[in-house]
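Asker:
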Amino acid sequence: MTDAAPNTKNPSPSPKKRGEYSAESITVLEGLEAVRVRPAMYIGDTDVRGLHHLIWEVVDNSVDEALAGHASHVRVVLCEGGSIRVEDDGRGIPVGIHPEEGVSAVELVLTKLHAGGKFDDESYKVSGGLHGVGVSCVNALSEWLEVDVHKDGEIHSMHFDRGVKRSSLEVTGKTEITGTVICFKADAEIFTTTTADWEIVVKRLRETAYLMGTRGLRIELQDERTGKEEVFEYPDGLRTFVSHINQNKNPLHGDVIHFSKTVPSTDDPNAEYEVELALQYTDAYQETVYTFVNNINTHGGGTHMAGLRAGLTRSLNTYAKKEKLIKENGQAPSGDDFREGLTAILSLKVPDPQFEGQTKDKLGNREAQGLVESVVAEQLGIYLEENAAVAKTVIRKAISAKEAREAARRARELVRRKSALAGGGLPGKLADCQSKERDQTEIFIVEGDSAGGPAKMGRDRRYQAILPIKGKILNVERARLDKMLSHQEIQLIIQALGCGIAEEFNLEKLRYNKVVIMTDADVDGSHIRTLLLTFFFRHMVEVIEAGHLYIAQPPLYKLSVGKKYEYVTDDPTLRELLIERGVSAVTIRDEVTEKEWTGASLRELCRSLAEVEARAVEAIPRWAQIPFDDLLDRWDGAGLPGFWGRAGEQEGFFDSREELDNWVELQRATVGEDAAVYSGPDCGIRADDAAIACGHFAPTEDLVKALLALEEMGMQVRGGGRWTARTAKGEETCQKLLELGRVVQKSAESGFDIQRYKGLGEMNHDQLWESTMDPETRKFYRVELEDAIAADAIFTILMSDGVEARRDYIERHALEVTNLDV
Numbered sequence: 001m002t003d004a005a006p007n008t009k010n011p012s013p014s015p016k017k018r019g020e021y022s023a024e025s026i027t028v029l030e031g032l033e034a035v036r037v038r039p040a041m042y043i044g045d046t047d048v049r050g051l052h053h054l055i056w057e058v059v060d061n062s063v064d065e066a067l068a069g070h071a072s073h074v075r076v077v078l079c080e081g082g083s084i085r086v087e088d089d090g091r092g093i094p095v096g097i098h099p100e101e102g103v104s105a106v107e108l109v110l111t112k113l114h115a116g117g118k119f120d121d122e123s124y125k126v127s128g129g130l131h132g133v134g135v136s137c138v139n140a141l142s143e144w145l146e147v148d149v150h151k152d153g154e155i156h157s158m159h160f161d162r163g164v165k166r167s168s169l170e171v172t173g174k175t176e177i178t179g180t181v182i183c184f185k186a187d188a189e190i191f192t193t194t195t196a197d198w199e200i201v202v203k204r205l206r207e208t209a210y211l212m213g214t215r216g217l218r219i220e221l222q223d224e225r226t227g228k229e230e231v232f233e234y235p236d237g238l239r240t241f242v243s244h245i246n247q248n249k250n251p252l253h254g255d256v257i258h259f260s261k262t263v264p265s266t267d268d269p270n271a272e273y274e275v276e277l278a279l280q281y282t283d284a285y286q287e288t289v290y291t292f293v294n295n296i297n298t299h300g301g302g303t304h305m306a307g308l309r310a311g312l313t314r315s316l317n318t319y320a321k322k323e324k325l326i327k328e329n330g331q332a333p334s335g336d337d338f339r340e341g342l343t344a345i346l347s348l349k350v351p352d353p354q355f356e357g358q359t360k361d362k363l364g365n366r367e368a369q370g371l372v373e374s375v376v377a378e379q380l381g382i383y384l385e386e387n388a389a390v391a392k393t394v395i396r397k398a399i400s401a402k403e404a405r406e407a408a409r410r411a412r413e414l415v416r417r418k419s420a421l422a423g424g425g426l427p428g429k430l431a432d433c434q435s436k437e438r439d440q441t442e443i444f445i446v447e448g449d450s451a452g453g454p455a456k457m458g459r460d461r462r463y464q465a466i467l468p469i470k471g472k473i474l475n476v477e478r479a480r481l482d483k484m485l486s487h488q489e490i491q492l493i494i495q496a497l498g499c500g501i502a503e504e505f506n507l508e509k510l511r512y513n514k515v516v517i518m519t520d521a522d523v524d525g526s527h528i529r530t531l532l533l534t535f536f537f538r539h540m541v542e543v544i545e546a547g548h549l550y551i552a553q554p555p556l557y558k559l560s561v562g563k564k565y566e567y568v569t570d571d572p573t574l575r576e577l578l579i580e581r582g583v584s585a586v587t588i589r590d591e592v593t594e595k596e597w598t599g600a601s602l603r604e605l606c607r608s609l610a611e612v613e614a615r616a617v618e619a620i621p622r623w624a625q626i627p628f629d630d631l632l633d634r635w636d637g638a639g640l641p642g643f644w645g646r647a648g649e650q651e652g653f654f655d656s657r658e659e660l661d662n663w664v665e666l667q668r669a670t671v672g673e674d675a676a677v678y679s680g681p682d683c684g685i686r687a688d689d690a691a692i693a694c695g696h697f698a699p700t701e702d703l704v705k706a707l708l709a710l711e712e713m714g715m716q717v718r719g720g721g722r723w724t725a726r727t728a729k730g731e732e733t734c735q736k737l738l739e740l741g742r743v744v745q746k747s748a749e750s751g752f753d754i755q756r757y758k759g760l761g762e763m764n765h766d767q768l769w770e771s772t773m774d775p776e777t778r779k780f781y782r783v784e785l786e787d788a789i790a791a792d793a794i795f796t797i798l799m800s801d802g803v804e805a806r807r808d809y810i811e812r813h814a815l816e817v818t819n820l821d822v
């Protein structure tokens, strides 16, 4: 993809009605070539992100129809077989023959890269997919794709396999509606996973619904795999979006400030910009602002962000001076002061957006800054005049922020005089590295001197620096900048990194390429890691965004046999190692069929059993307290039931929601028509107050595959069995399926010396180097900011003063804990 002018084959447009969407509206910019050969070039990667990019391409087409005023309903279905279906009630892709290409417009859109009505000003005034690769790329990267176009009273259908048409466009039925239905299955030959993630899809669709709420768009999401359903419909649009972000914060004023205005472009008299802003102040110390251009989240900001900040500062400053809220000779609050505690969503509709880079995360249109600044200054100024109490509250907070900023500046100057933040002096605790080439260096922030000692001794001093910090650092979520800068351990971190803080922050001055958080694998270590992550997210988020922040993964175990040993970082790896050792000394026998598993066949059996056990945790909600064997008893050779219900001694398993609902009604006839039904922690009632409990299973595709694999090996899944495990210590009888794998692991453990580490201080310097710091053997996790809104919410819930929200979160997720180390 490129932002340069493409090689267009578009003829001079023939006369047609403005907004008409026909075959002539389709403009071809380039052919669909090499997408399957180099998919990452078009969708970023072939992992989870790339898979969901395919969904966004199809959904964005439907949303663009709504943006143009031709659709009001979009439905997304995550189908049981792994395919995804997207439906809309728009005009439908044109079905006529394209005058230049000689094929139907449907075929053209699905087989030519960058062929679409978005490049024709008459069909779409604004579109989020201007630089998108289009649904043709989805077609190329799908195992199969089917399209049904409801248009002109007929259903027009077409089928493709890996981008190649298998049937021509044909009429397959009659219809009274209009719209497009696209169903596709991502190609497993290209993608590492073809399973769509419910949470990722929910986040994106909810965000889109907020942005399109005032346009009347309703988005439905259904997951046929689990029975989950969500509806996203927000008539108040951005107001609701801001309220959602602030739900765990303390607003300073009740109403969300909102305004929208359409203004003419200064460059093109026929073009218009639509500026929509919603904002609310809270008592937080951070600024939370998200900007969108044509529904695209512009993470990098750009000219519209600059316009928003300038307009906000201008209007608040003007009002403060006019009302004499600032001393006549006093210094006015800065823009940063006016934005402390601000939560804002800016949505800009641009006719011809110019983005910087292929990621489309930063707007480059120069005129956008002036237009946004003008609208914000004007509309916010009007609001402040009409709402004096709110205006004074916001300005008082800004003045308080200015005073704190000045206190922080004085604190920095004081610390500089002590060489705490000065570039010429590094903290005494820091064991710096020898290299001055940033790209080669890394710094480990370690927990306490007990870990700092071995780390300093074991490191490669040429490029590895060690900074021990004492105890738990300040929770910066609850502290202003001046208080934070007076905290000694935070001073040490800022000083060691060298990139400054707040308005003095400069990423170019970061002294190390990798900043590594290395803490113990216990509760205290997790808390310290969370406090450090909070600090970086709130005050050095650029370090995260630039990919410099990492978390070291120390080993949980050391396995020794004689003089040989191996470090293991997690339980699944330990299980695999034990299986490898155990299969050589164990034989499993089915006493009914007399079939035996040993050696390689036992290895495969144990792996499938381990997969079943891991997926079983995902399938059954913890609160349901249903033994997995009870679910296995309902295995029918192809799948598992999707729903269950319990009323006293009565229990039932069902394949559909309808069957479950009928069963619940029958139970109510016995226990009472008004009997409460408990369906999980989110249902709003306590389990003890309900006479009936019910819910859905989530038997994933991977669980079904693992169970099918067991049956192919001759293992009886349903109803249990009677197995005998022969080990070096004798025979053991097993009645339950999952016991078999545990017997093998237990046999292997008897030959190992397994040491479990709880802290870095338990290792000597050689062990710490070879397990956690050696680039050849260590395991690091890079911290990435995939969802800033969700990250902001979770840090607010867990680290702020909101006790109720934190308690609610802990109650909701307590049963998800799999390895609580206290």
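Note that this note's numbering has the sequence shown beginning at 1, numbered continuously upward. Even glycine gets a Cβ: it sits at the ideal position worked out from N, Cα and C. Given the structure is predicted, the values throughout are model-derived calculations rather than measurements.
Does chain B have any CB closer than 7 Å to the CB of residue 505?
Answerer: Annotation note: the requested chain B is absent from the structure, which comprises a single protein chain.
Asker: For residue 470, count the other beta carbons within 10 Å of its own beta carbon; 16 or more makes it buried, fewer makes it exposed. Which is it?
Answerer: As a working mapping, residue 470 is identified with position 470 in the sequence shown. Exposed.
Asker: For residue 401, does the count of other Cβ atoms within 10 angstroms reach 16, so buried, or fall short, so exposed?
Answerer: As a first step, residue 401 must be located in the sequence shown, where it is residue number 401. Answer is buried; the Cβ neighbour count reaches 16.
Asker: Residue range of the alpha helix (DSSP H) that residue 491 falls in?
Answerer: Stepping through the sequence shown from its first residue, residue 491 is reached at position 491. Note, residue 491: alpha helix (DSSP H), 488-497.
Asker: Could you compute how far the alpha carbon of residue 318 sits from the alpha carbon of residue 374?
Answerer: Along the sequence shown, one-based indexing puts residue 318 at 318. Along the sequence shown, one-based indexing puts residue 374 at 374. For residue 318 and residue 374, the distance between alpha carbons rounds to 14 Å.
Asker: Restricting to Cα atoms, I'd like to know which of 618, 670, 623 and 578 is closest to residue 744.
Answerer: In the sequence shown, counting from the first residue as 1, residue 744 sits at position 744. Looking at the Cα atoms, 578 is the closest of the given residues.
Asker: Using 10 angstroms around the beta-carbon of residue 464, count the other beta-carbons present and answer buried if the total reaches 16, otherwise exposed.
Answerer: Your numbering for residue 464 matches position 464 in the sequence shown. Buried, by the Cβ-count rule.
Asker: Jot down the residue ranges of each uninterrupted beta strand (DSSP E) in the stretch 170-241, minimum 3 residues, whole runs only, in chain order.
Answerer: Here the runs fully enclosed are 179-186, 218-223 and 228-232.
Asker: Please name the residue in 702, 784 and 667 whose C-alpha comes closest to that of residue 193.
Answerer: Locating residue 193 in the sequence shown gives position 193, counting from the first residue. Of the candidates 702, 784 and 667, the one whose C-alpha sits nearest the C-alpha of residue 193 is 702.
Asker: To the nearest angstrom, how far is the alpha carbon of residue 29 from that of residue 353?
Answerer: Counting from one through the sequence shown, the residue named residue 29 turns up at place 29. Counting from one through the sequence shown, the residue named residue 353 turns up at place 353. With a pLDDT of 39 at residue 29, under the threshold of 50, the modelled position of this residue cannot be trusted; read the value that follows with caution. For residue 29 and residue 353, the distance between alpha carbons rounds to 18 Å.
Asker: Measure the beta-carbon distance from residue 137 to residue 43 and round it to whole angstroms, keeping in mind my assumption that it falls under 8 Å.
Answerer: Position 137 of the sequence shown, counted from the first residue, corresponds to residue 137. Position 43 of the sequence shown, counted from the first residue, corresponds to residue 43. Rounded, the Cβ-Cβ distance is 7 Å, consistent with contact.
Asker: Name the residue from 410, 304 and 532 whose alpha carbon lies nearest to the alpha carbon of residue 483.
Answerer: If you number the sequence shown from 1, residue 483 lands on position 483. Among 410, 304 and 532, the Cα nearest to that of residue 483 is on 410.
Asker: Quick check on residue 61: buried or exposed, where buried means 16 or more other Cβ atoms within 10 Å of its Cβ?
Answerer: To locate residue 61, count along the sequence shown from 1; it is residue 61. Buried, by the Cβ-count rule.
Asker: Hey, how far is the Cα of residue 172 from the Cα of residue 704?
Answerer: One-based indexing of the sequence shown puts residue 172 at position 172. One-based indexing of the sequence shown puts residue 704 at position 704. Near 34 Å, if we compare the C-alpha coordinates of residue 704 and residue 172.
Asker: Please list, in chain order, all residues of the same chain as residue 449 whose beta carbon is under 8 Å from its beta carbon, the five residues on each side excluded.
Answerer: Residue mapping note: residue 449 aligns to position 449 of the sequence shown, counting from 1. Contacts found: 468 and 470.
Asker: Would you please state the rounded distance, in angstroms, between the beta carbons of residue 284 and residue 258? I believe it to be under 8 Å.
Answerer: In the sequence shown, residue 284 corresponds to position 284, counting from 1. In the sequence shown, residue 258 corresponds to position 258, counting from 1. Rounded, the Cβ-Cβ distance is 20 Å, inconsistent with contact.
Asker: For residue 427, is the classification buried or exposed, using 16 other Cβ atoms within 10 angstroms of its Cβ as the cut-off for buried?
Answerer: Within the sequence shown, residue 427 is the residue found at index 427, counting from 1. Flag for residue 427 reads buried.
Asker: Express the C-alpha separation of residue 143 and residue 39 in angstroms, rounding to a whole number.
Answerer: Counting from 1 along the sequence shown, the entry for residue 39 is found at position 39. Counting from 1 along the sequence shown, the entry for residue 143 is found at position 143. C-alpha separation (whole angstroms): 14 Å.
Asker: Could you give the DSSP three-state label for residue 591: helix, strand or coil?
Answerer: Within the sequence shown, numbered from 1, the residue matching residue 591 stands at position 591. Residue state, collapsed to three classes: coil.
Asker: Check each candidate in 251, 389, 513 and 383 and name the one with the smallest Cα separation from residue 444.
Answerer: To locate residue 444, count along the sequence shown from 1; it is residue 444. When each option's Cα is compared against that of residue 444, the closest is 513.
Asker: Using alpha carbons as the reference points, say which of 713, 48 and 559 lies closest to residue 596.
Answerer: For the purposes of this step, residue 596 is identified with residue 596 of the sequence shown, where counting begins at 1. Looking at the Cα atoms, 713 is the closest of the given residues.
Asker: Determine the closest residue to residue 87 out of 407, 540 and 180, with distance taken between C-alpha atoms.
Answerer: Along the sequence shown, read from residue 1 onward, the residue named residue 87 stands at position 87. When each option's Cα is compared against that of residue 87, the closest is 180.
Asker: If you check the beta carbons only, do residue 565 and residue 558 fall under 7 Å apart?
Answerer: Working through the sequence shown from its first residue, we reach residue 565 at position 565. Working through the sequence shown from its first residue, we reach residue 558 at position 558. Closer than 7 Å, so yes.
Asker: Run through DSSP, which three-state label would residue 601 get?
Answerer: Start at 1 with the first residue of the sequence shown, and residue 601 comes out as number 601. Residue 601: helix per DSSP, three-state reduction.
Asker: Near residue 560, which residues of its chain fall below 6 Å by C-beta distance, leaving aside the five closest residues on each side in sequence?
Answerer: The residue given as residue 560 occupies position 560 in the sequence shown. Excluding residues within five positions, the ones whose Cβ falls inside 6 Å are 753.
Asker: Which first and last residues belong to the alpha helix (DSSP H) in which residue 381 is found?
Answerer: For the purposes of this step, residue 381 is taken as residue 381 along the sequence shown, with counting starting at 1. Counting along the chain, the alpha helix (DSSP H) containing residue 381 begins and ends at 366-386.
Asker: Around the Cβ of residue 196, are there at least 16 other Cβ atoms within 10 angstroms (buried) or fewer (exposed)?
Answerer: As a working note, residue 196 is residue 196 in the sequence shown. It counts as buried.
Asker: Figure out for me which residue from 322, 262, 89 and 644 has the closest Cα to the Cα of residue 175.
Answerer: Reading the sequence shown from its first residue, position 175 is the one you call residue 175. Selected option, being the one with the closest Cα: 89.
Asker: Select from 140, 736 and 392 the residue whose C-alpha is nearest the C-alpha of residue 633.
Answerer: Within the sequence shown, the letter at position 633 stands for residue 633. Nearest option by C-alpha distance: 736.
Asker: Please classify residue 665 as buried or exposed, where buried requires at least 16 neighbouring CB atoms within 10 angstroms.
Answerer: Within the sequence shown, residue 665 is the residue found at index 665, counting from 1. Per the 10 Å Cβ criterion, exposed.
Asker: Return the first residue and the last residue of the alpha helix (DSSP H) that residue 338 is part of.
Answerer: Reading the sequence shown from its first residue, position 338 is the one you call residue 338. Run containing residue 338: 335-338, per the alpha helix (DSSP H) assignment.
Asker: DSSP three-state label for residue 54, please.
Answerer: Counting from one through the sequence shown, the residue named residue 54 turns up at place 54. Correct three-state label for residue 54: helix.
Asker: Can you tell me whether residue 297 is helix, strand or coil according to DSSP?
Answerer: Counted from its first residue, the sequence shown places residue 297 at position 297. Reduced to three states, the DSSP call for residue 297 is strand.
Asker: Whose CA, out of 618, 339 and 93, lies closest to the CA of residue 58?
Answerer: Within the sequence shown, residue 58 is the residue found at index 58, counting from 1. Ranking the options by Cα distance to residue 58, first place goes to 93.
Asker: Please state whether DSSP places residue 454 in a helix, a strand or coil.
Answerer: Counted from its first residue, the sequence shown places residue 454 at position 454. Three-state DSSP puts residue 454 in a helix.
Asker: In or out: residue 523 buried (at least 16 other Cβ within 10 Å) or exposed?
Answerer: Residue numbering aside, residue 523 sits at position 523 when the sequence shown is read from its first letter. Residue 523 should be labelled exposed.
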